[in-house]
Amino acid sequence: MTEFCTAERDGHLLVVTINRPERMNALHPPANFELEGIFNDFAADADLWVAIITGAGDRAFSAGNDLRWQAEGNKLEVPATGFAGLTARFDLTKPVIAAVNGVAMGGGFEIALACDLIIASDNAKFALPEPKVGLAALAGGLHRLPRQIGAKRAMGMILTGRQVPAAEGKDLGFVNEVVPATELMAAAKRWAGLIMECSPMSIRASKEAVYKGLDIANLNEAVTGKYPAVNALFKSEDLIEGPRAFAEKRKPNWKGK
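This is how it looks when you write it as structure tokens:
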């Protein structure tokens, strides 16, 4: 049983909700370790193909680190897989979608940046305000944001800690879609559904090749690189099922193996 978050299965989809609305879904160590366990299970479960992470209530996706917990003198611990069990999880080849409802501040924004897609409600706001309280965005924000939107745009947020509304986030390039708050989960599930129409093996191969390839400066080396998920794809049942279904003019029955 979990106390600070929930995980609900819907077919091949897992919906994870940070459930601390009284603290703007800020995370303290117990919540972080719960989320690590949930995403460990998600990674290991062959029948789960996509995850959505969101926050309880309508005010916040996550306000980041629970500074009140820290101010009360409690020990700060973070799982090996990072904030929310996601920001340092570099081997997850399954897609994760952030459904950002309300504010995503500091570590909350870093959780979203660690996801593959960000779907935001029209009242969502994003910031890395750590310098305003004597900290720094060390859970990946300082490195993911410039990689995703370019250094100058990222520095405009990082060096000021300013809040960026959802529409501007889409213009900057880190938000995929902005929708009315009442339509947020439907939109996130629509994106998940589009992903799940594809072969899970192909999706994992594509995700791994993209992220690992970005770490390789030489394009030729990136294109010709060896990626475990790509090797798994070429040995999979899905590789046979896709062309067969196309030839038979029917929807493929993906196995994810």
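Residue numbers (our numbering): 74 to 330. The beta-carbon is built from N, C-alpha and C at its ideal position, and this holds for glycine as well.
Item checked: Contacting residues, own chain, Cβ-Cβ under 7 Å from A99 (five flanking each side not counted) -> Locating residue 99 in the sequence shown gives position 26, counting from the first residue. These residues qualify, in order along the chain: R93, S135, A136, G137, N138 and D139.
Next item on the list: Kindly indicate the opening and closing residues of the alpha helix (DSSP H) around S279.
Entry: On the sequence shown, residue 279 is found 206 positions in, with the first residue counted as 1. Segment P273 to L287, the alpha helix (DSSP H) holding S279.
Checklist line | For V251, the residue or residues it bridges with in DSSP | finding: Here residue 251 refers to the residue found at position 178 when the sequence shown is read from its first residue. V251 is bridged to A193.
Next item on the list: State the Cα-Cα distance for the pair P253 and A129, rounded to the nearest angstrom.
Entry: Stepping through the sequence shown from its first residue, residue 253 is reached at position 180. Stepping through the sequence shown from its first residue, residue 129 is reached at position 56. Taking the straight line joining both Cα atoms gives about 16 Å.
Next item on the list: Starting from the N-terminal side, write out each stretch of the beta strand (DSSP E) that is 3 residues or longer and does not extend beyond the stretch 206 to 267.
Entry: 250 to 252
Check: For I231 versus L208, is the C-beta distance shorter than 8 Å?
Finding: For the purposes of this step, residue 231 is taken as residue 158 along the sequence shown, with counting starting at 1. For the purposes of this step, residue 208 is taken as residue 135 along the sequence shown, with counting starting at 1. Cβ distance not < 8 Å, so I231 and L208 don't count as in contact.
Notebook entry, point to check: Should K148 go down as buried or exposed, given a rule of 16 or more other Cβ atoms within 10 Å for buried?
Noted result: What you label residue 148 is simply residue 75 of the sequence shown in a count that begins at 1. So K148 counts as exposed.
Item checked: Contact check, V173 vs A197, beta carbons under 8 Å -> Counting from 1 along the sequence shown, the entry for residue 173 is found at position 100. Counting from 1 along the sequence shown, the entry for residue 197 is found at position 124. Cβ atoms of V173 and A197: closer than 8 Å.
Next item on the list: Name the one or two DSSP bridge partners that N138 has.
Entry: Mapped onto the sequence shown, residue 138 falls at position 65. Note: N138 sits in a beta bridge opposite L100.
Check: Which whole-angstrom value describes the C-beta separation of R106 and P152, a residue pair presumed to lie in contact below a C-beta threshold of 8 Å?
Finding: Translated into the one-based positions of the sequence shown, residue 106 becomes position 33. Translated into the one-based positions of the sequence shown, residue 152 becomes position 79. Looking at the sequence provided, one finds Phe at residue 106 rather than Arg. Between P152 and F106 the Cβ distance is about 6 Å, and since that is below 8 Å, they are a contact.
Margin query: Please state the DSSP three-state secondary structure of G128.
Written below: Position 55 of the sequence shown, counting from 1, holds the residue named residue 128. Strand.
Notebook entry, point to check: With respect to the beta strand (DSSP E) encompassing R82, which residues constitute its N-terminal and C-terminal limits?
Noted result: If you number the sequence shown from 1, residue 82 lands on position 9. Where R82 is concerned, the enclosing beta strand (DSSP E) stretches over C78 to D83.
Check: Does the beta-carbon distance from Q221 to L186 come in below 8 Å?
Finding: Counting from 1 along the sequence shown, the entry for residue 221 is found at position 148. Counting from 1 along the sequence shown, the entry for residue 186 is found at position 113. Contact flag set, yes.
Margin query: Within the continuous alpha helix (DSSP H) that includes L312, where are the two ends?
Written below: In the sequence shown, the residue the question calls residue 312 occupies position 239. Note, L312: alpha helix (DSSP H), E310 to A320.
Notebook entry, point to check: Of the residues I125, E183 and A224, which one's Cα is nearest the Cα of I192?
Noted result: Taking the sequence shown and counting its residues from 1, one reaches residue 192 at position 119. Comparing Cα positions, the closest option is I125.
Next item on the list: Please classify K324: is it buried, with 16 or more other beta-carbons within 10 angstroms of its beta-carbon, or exposed?
Entry: Taking the sequence shown and counting its residues from 1, one reaches residue 324 at position 251. Exposed is the call here.
Next item on the list: Using DSSP bridges, identify the partner residues of T90.
Entry: The count along the sequence shown starts at 1 and reaches residue 90 at position 17. The partner list for T90 (beta bridge, DSSP) reads T79 and T127.
Checklist line | Through-space distance from F156 to T233, alpha-carbon basis | finding: The count along the sequence shown starts at 1 and reaches residue 233 at position 160. The count along the sequence shown starts at 1 and reaches residue 156 at position 83. Cα to Cα, the separation comes out at about 22 Å.
Margin query: Suppose you measure from the CA of M178 to the CA of N291; what does that come to, to the nearest Å?
Written below: If you number the sequence shown from 1, residue 178 lands on position 105. If you number the sequence shown from 1, residue 291 lands on position 218. Spanning the two alpha carbons is a distance of roughly 35 Å.
Checklist line | CB contact flag (T90, T79, <8 Å) | finding: The residue given as residue 90 occupies position 17 in the sequence shown. The residue given as residue 79 occupies position 6 in the sequence shown. Yes.
Notebook entry, point to check: Do you know whose CA, among E256, A260, A104 and L257, lies nearest G181's CA?
Noted result: Along the sequence shown, one-based indexing puts residue 181 at 108. Selected option, being the one with the closest Cα: A104.
Check: How big is the Cα-Cα spacing for D311 and Q143?
Finding: Counting from one through the sequence shown, the residue named residue 311 turns up at place 238. Counting from one through the sequence shown, the residue named residue 143 turns up at place 70. Those two C-alpha atoms are separated by around 48 Å.
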